[in-house]
Amino acid sequence: MENYSKKVMENFMKPKNMGEIKDASGVGKVGNPVCGDIMWIYIMVSKDKSGNEIVKDIKFKTLGCAAAIATSSMITELAKGKTLADAYKITKADVAKALDGLPPIKMHCSNLASDGLKAAINDYLVKQGRKPMEHTKEAGSSLRS
Amino acid sequence: MENYSKKVMENFMKPKNMGEIKDASGVGKVGNPVCGDIMWIYIMVSKDKSGNEIVKDIKFKTLGCAAAIATSSMITELAKGKTLADAYKITKADVAKALDGLPPIKMHCSNLASDGLKAAINDYLVKQGRKPMEHTKEAGSSLRS
Amino acid sequence: MRTIYLDNAATTKLHPLVRKAMSECEEDGFGNSSSLHSAGRKAKEKLDLARETISKKVFAKNHKLIFTSGGTESNNFAIKGLALGSREKKHIVTTKIEHDCVLNTLGFLEKYGYKVTYLDVDKEGLVNLEALENAITKDTLLVSVIHGNNEIGTIQNLKEIGRIVHEKGSVFHTDACQSFTKQPIDMEKDNIDLLTINAHKIYGPKGVGALLVKEGLGLEPLLHGGGHEYGLRSGTVNVPGIVGFSKATEIIGEREIEHMASLRNQLVKGLKDIDDCWLNGPEVDSGKRLCNNANLTFMYAEGEAIVLYLDALGICVSTGSACSSNTLKPSHVLKAIGLKQEQSHGTIRFSIGIDNTTEEIKYTIDCVKGTIEKLRQMCPYKY
Amino acid sequence: MRTIYLDNAATTKLHPLVRKAMSECEEDGFGNSSSLHSAGRKAKEKLDLARETISKKVFAKNHKLIFTSGGTESNNFAIKGLALGSREKKHIVTTKIEHDCVLNTLGFLEKYGYKVTYLDVDKEGLVNLEALENAITKDTLLVSVIHGNNEIGTIQNLKEIGRIVHEKGSVFHTDACQSFTKQPIDMEKDNIDLLTINAHKIYGPKGVGALLVKEGLGLEPLLHGGGHEYGLRSGTVNVPGIVGFSKATEIIGEREIEHMASLRNQLVKGLKDIDDCWLNGPEVDSGKRLCNNANLTFMYAEGEAIVLYLDALGICVSTGSACSSNTLKPSHVLKAIGLKQEQSHGTIRFSIGIDNTTEEIKYTIDCVKGTIEKLRQMCPYKY
Ligand SMILES: Cc1ncc(COP(=O)(O)O)c(C=O)c1O
Ligand SMILES: Cc1ncc(COP(=O)(O)O)c(C=O)c1O
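One line per chain: the protein sequences are A, B, C and D, in this order.
For the first sequence, the positions run 984 to 1128 when my numbering is used.
For the second sequence, the positions run 984 to 1128 when my numbering is used.
For the third sequence, the positions run 43 to 425 when my numbering is used.
For the fourth sequence, the positions run 43 to 425 when my numbering is used.
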């Protein structure tokens, strides 16, 4: 296997925002134990000064390899403070890029984080009685809950 | 290839009785350049006290590998002093045995010496107007002149 | 930071005595063993001596020892060489827990019309002898069974297997890369026709192995060429490497085996305290397990993550077999002994070496406990 | 007695710098390059670096470099791998002066229905380009031509050959075991698709070689297994050996080439005084001959005897190719350049090394003269 980048290793060794949010606005649950990766993304949504809904706080819990943990950590960093619409647009590629790349073999199966975030946002919307956002399929993405 | 025995190497490095006999009683010429081995055996025949014809002197000239040269040297040692009849009976196996063995690959093609001696004895007999001795074929022997 | 190397089943570090023997040979026996001159003859002598030493180690009497580039080549050569050398029978029996190099060689032959029976193993990884017997037919060219398993350490009963294979009139090959020098092997008593061994698992050099071949078995060479190694394996003979291999067979003795087994037992005992954790393969004191192997599953933690966290603490271990780390496929061996996929993800192989110490094992136990705890805190839920 | 080693085409002695690089790797990069942990990653880094260094040496841009166990494996892999990997075309073109490992691999394929054209060479050992062009048909899978001949030192014009092979739409393989680092090779400009090189001819370790493979050429592996080397060559990677190989590519430079050529010229000049003696292969100053090769025929003396008498004087040389010394077959290369059998028997190959000195060559000339004289005195007659 190709080596992980330094960024991946940093995010894996000392992941940011690991944990859960009690009373989260929304939770996204992706992956499953058979595949070896499970990822739960918790978000707390609130409004900013202009009245836009933003990801005020975000945490993750992940069972998985270094790539799974590092991408979890990275998505929380990327999403925090973003509007829901912008957060929803974060792709697997964005996450990988922010980590200075992932080994090809890990590019998709262990890079569920953007799926997890989308699921969390929609969980929030649905709980609010609103329509979930449409999931524009990325190559190789796999939205599982 | 298997290594040569010490005896082979001694006989190859310092061959005994190398040279020719001017006015030899008989000369045996075996082998040919295409095969890489040529062997000429010179004998001087005389009678011992009991009136038997013996190999009084014997010399060789040989083009060939270490086995060819060592067997040439050895046959001269084995034959010297023997009666013609006894000398004629020396086999390839006798020569190889006296040399503590030969690598299998060299057992026959480079072990012409007994053939050479037989040829020399018969050359003598024929020159004398006598009948040559019968060449009892050994496995793999090749009498060429 | 000192490294605690616990991946000796993947490969070992060259032993200083082996290095010394090799250096001497590089100085004094560097010639081409096919050359006639003194430099060649010296190399040839060392080669012959090494061949004899290693042959004796496995009590080979009616076998040619052919040096190869390692276990993979030996296994490929044994199987393909026999298939091409004796072209009538088209059926091969093996197990579900062979090394990839056996399985993939057989997969290759399947493309060319060979039928392969992959025998199940029980929870401990042992082949069922009755099933084996039933699997062998008149058309069975070869039975290939790994001696000591590289992942879970299971040792098969060679003698019983060999007896059955010969009774049924087939040829017996065993891959003994993991067991060689750790476990007795007797080519005659165990009825072994083809034996694969290598050097880099026993503190010898990488790139050196051997296949022992029963006299009279007509193998087609895998490497054609100048006719080295009785015409069965061509290529300038790696005499310094082979001298190293020969020396390496002297490294592991009774004392080393006991030492490794006791550290392994210490490790397993220490780790079994952890909740939701178990040992895969035979019990440590069963006599059916390689002396240096411990394979444990830690639920709710993923293998690669465990390996890399431990690595950061200076501890080298492996997820399943090192050879497979290029793929994400869960181990076929763990599957064969009945682990579910979600269980196999959290499985770690520890393989002890002769130089490990009890302090290292103590430290390792602490680190593993800490690591598992840390990872489990990250795990979203128990399943 | 000091040994004067003049058989560097058979194999070379490990260079101290190579040994040093290997020892460092054995200490610090002994891990399995497939392992995830630091010991594995260190090995992997060294492996990657070696791959890059060697690839650069032959200006490989669109080629994968696959490490193997040596020239024999690389040649077997190139030819059989391509044959099994692309199963339509069934014709192969080669020359009459290939190394045994190419010829015997082709002989093996002939048993399986492949047709092989063996091109003649001229007196100097050069392939006729027109004959080559005419030999390649639509069904020609591969053209395999040795770069520097191991017996008579002839260097083929790779660029011209490569151009023709590609124009005619075939695949070009060259065996460069003897020429690598002694003669420039440019994979792109020379249109080489498959390149065989090895380490032990250039002061590197035995048991290490490489095959460079043009991207997109679908080769079937020769060694199936764990999927190492891009899935093309399995087996735990011999990283210390490969690091040695990489270092070895730095040993022979301009200066060494000149040094060897000048000693070789001194030797040939000195020996040509001898009656009924000649140089086989291209002239020493023709630019078509390996810098370190001298191959001479001495009539009325036999090769093995010459070798062993010289050996007793401390001089190591070879009759034809060392690989063939297990058989008594006269050299197929000498036959191809027109020597009669009785001429080839008295042929000796001298191959200079970087450490030989002009004094050694002087002594060698004297010894050869004495030896030839001694043996000719034993020769019964001139033919
Ligand atoms: C059981 C077993 N067989 C075969 C091999 C392959 O040996 P090598 O790496 O020497 O090719 C290994 C180790 O990699 C092994 O553990
Ligand atoms: C031209 C040539 N090709 C191939 C080989 C075989 O290489 P190896 O001995 O590394 O297998 C050699 C040397 O033995 C050689 O000289």
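We put the CB at the ideal spot given by N, CA and C, even for glycine.
Task: Q308 of chain D Cβ short of 6 Å to ligand 1 heavy atom set - done: It does not: the Cβ of Q308 of chain D is nowhere closer than 6 Å to a heavy atom of ligand 1.
Task: CB contact flag (S1097 of chain A, T1074 of chain A, <7 Å) - done: In this structure, the beta-carbon distance from S1097 of chain A to T1074 of chain A falls below 7 Å.
Task: Beta-carbon spacing of A1131 of chain A, V991 of chain A below 7 Å - done: Nothing about residue 1131 of chain A can be reported from this structure: the residues present for chain A run from 984 to 1128 only.
Task: the segment 348-361 of chain C: positions lying closer than 8 Å to chain A by Cβ - done: Answer in chain order: L350, Y351 and A354.
Task: Proximity of S1055 of chain A and K1039 of chain A at Cβ, strictly below 7 Å - done: Cβ distance not < 7 Å, so S1055 of chain A and K1039 of chain A don't count as in contact.
TODO: Enumerate in chain order the residues of its own chain whose CB-to-CB distance from L59 of chain C is below 8 Å, with the five nearest sequence positions on each side excluded.
DONE: Counting only Cβ-Cβ distances below 8 Å, and skipping sequence neighbours, we find K289, E292 and I293.
TODO: Give the single residue among C:L417, C:M229 and C:V213 whose Cα lies nearest to the Cα of L259 of chain C.
DONE: Among C:L417, C:M229 and C:V213, the Cα nearest to that of L259 of chain C belongs to C:V213.
TODO: Check whether the Cβ of E346 of chain C lies closer than 7 Å to any Cβ atom in chain A.
DONE: Yes, E346 of chain C counts as interfacial toward chain A.
Open item on the list: Any beta carbon from chain D within less than 7 Å of S276 of chain C's own beta carbon?
Closed with: So yes, S276 of chain C belongs to the interface.
Task: Within-7 Å CB hit, T339 of chain D to chain C - done: Closer than 7 Å: no.
- [ ] Out of C:F72, C:H374 and C:S360, point me to the one whose CA is closest to L89 of chain C's CA.
- [x] Among C:F72, C:H374 and C:S360, the Cα nearest to that of L89 of chain C is on C:F72.
Task: First and last residue of the uninterrupted alpha helix (DSSP H) at C319 of chain C - done: Counting along the chain, C319 of chain C falls outside any alpha helix (DSSP H), though it belongs to the beta strand (DSSP E) covering C319 to L321.
Task: Chain-ordered neighbours of G395 of chain C on chain D, where CB pairs are closer than 8 Å - done: Counting only Cβ-Cβ distances below 8 Å, G395 of chain C has no contacts in chain D at all, with the closest Cβ about 11 Å away.
Open item on the list: Tell me the DSSP secondary structure of S367 of chain C in three-state form.
Closed with: Per-residue confidence for S367 of chain C stands at a pLDDT of 49, beneath the threshold of 50, marking its modelled position as unreliable; no derived number is given.
TODO: Please state if the CB of E985 of chain B and the CB of N1044 of chain B are separated by a distance shorter than 7 Å.
DONE: The residue asked about is misnamed: residue 1044 of chain B is Lys in this sequence, not Asn. No. Outside cutoff.
Open item on the list: Please confirm whether C421 of chain D has its beta-carbon closer than 7 Å to some beta-carbon of chain B.
Closed with: At least one chain B Cβ lies under 7 Å of C421 of chain D.
Open item on the list: Going by beta-carbon coordinates alone, are I194 of chain D and L309 of chain D separated by less than 7 Å?
Closed with: Against a cut-off of 7 Å, the Cβ pair of L309 of chain D and I194 of chain D comes out as no contact.
Open item on the list: Tell me which residues share the same chain as I407 of chain D and place their Cβ nearer than 7 Å to its Cβ, disregarding the 5 neighbours each side in the sequence.
Closed with: These residues qualify, in order along the chain: L309, G312 and L313.
TODO: Report the rounded CA-to-CA distance for M420 of chain C versus R306 of chain C, giving the unit in angstroms.
DONE: If you take the alpha carbons of M420 of chain C and R306 of chain C, they lie about 29 Å apart.
Open item on the list: Using only the alpha-carbon positions, how far apart do T1059 of chain B and K1080 of chain B sit?
Closed with: If I take the Cα positions, the gap works out to 14 Å.
Open item on the list: Buried or exposed for A1068 of chain B, going by 16 or more other Cβ atoms inside 10 Å?
Closed with: Counting Cβ neighbours within 10 Å, A1068 of chain B comes out exposed, since fewer than 16 surround it.
Open item on the list: For a contact defined as C-beta to C-beta under 8 Å, what are the partners of A81 of chain D on chain C?
Closed with: Within chain C, the residues near A81 of chain D are T45, Y47, D49 and C358.
TODO: Under the assumption that S393 of chain D contacts N335 of chain D (Cβ atoms under 8 Å), give the Cβ distance between them as a whole number of angstroms.
DONE: S393 of chain D to N335 of chain D, Cβ: 6 Å. Contact.
Open item on the list: Looking at chain B, is there any beta carbon in it that lies within less than 7 Å of the beta carbon of H387 of chain D?
Closed with: With 7 Å as the cut-off, H387 of chain D counts as an interface residue toward chain B.
Open item on the list: Counting only Cβ-Cβ distances shorter than 9 Å, please list the residues of the segment 989-1006 of chain B near chain D, keeping chain order.
Closed with: Against chain D - using a Cβ distance shorter than 9 Å - the residues of the segment 989-1006 of chain B are M992, F995, M996, P998, M1001, G1002 and E1003.
Task: Spatially closest choice to E175 of chain C from C:L254, C:K153 and C:V185, by CA coordinates - done: Comparing Cα-Cα distances from E175 of chain C to each of C:L254, C:K153 and C:V185, the minimum goes to C:V185.
Task: Contact test: H141 of chain D Cβ vs ligand 2 heavy atom, cutoff 6 Å - done: H141 of chain D Cβ: within cutoff of ligand 2.
Open item on the list: For ligand 1, I want to know if C358 of chain C counts as a neighbour, meaning its beta carbon is within less than 6 Å of at least one of the ligand's heavy atoms.
Closed with: No, the beta carbon of C358 of chain C sits no closer than 6 Å to any heavy atom of ligand 1.
Task: C219 of chain D Cβ short of 6 Å to ligand 2 heavy atom set - done: For ligand 2, at least one heavy atom lies less than 6 Å from the Cβ of C219 of chain D.
TODO: Give the DSSP-derived three-state secondary structure of S76 of chain C in the structure shown.
DONE: Residue state for S76 of chain C is assigned as coil, using DSSP reduced to three classes.
Open item on the list: Within 7 Å of any Cβ in chain D, is that where the Cβ of G1047 of chain B sits?
Closed with: With 7 Å as the cut-off, G1047 of chain B counts as an interface residue toward chain D.
Task: Q1111 of chain A, buried or exposed, once every other Cβ within 10 Å from all chains shown has been counted against 16 - done: Label assigned to Q1111 of chain A: exposed.
Open item on the list: Going by beta-carbon coordinates alone, are Y47 of chain D and C358 of chain D separated by less than 7 Å?
Closed with: The answer is yes: Cβ separation under 7 Å.
- [ ] Flag this pair as yes or no: are the beta carbons of G249 of chain D and G112 of chain D separated by less than 7 Å?
- [x] Taking 7 Å as the cut-off, the Cβ atoms of G249 of chain D and G112 of chain D count as close.
Open item on the list: Am I right that V207 of chain C and I178 of chain C are in contact with their C-beta atoms under 8 Å? What's the rounded C-beta distance?
Closed with: A Cβ-Cβ distance of about 7 Å is found for the pair V207 of chain C and I178 of chain C, placing them in contact under the 8 Å criterion.
Task: Short CB-CB distance (under 7 Å) between K1044 of chain A and chain C - done: Interface criterion met: the Cβ of K1044 of chain A is under 7 Å from a Cβ in chain C.
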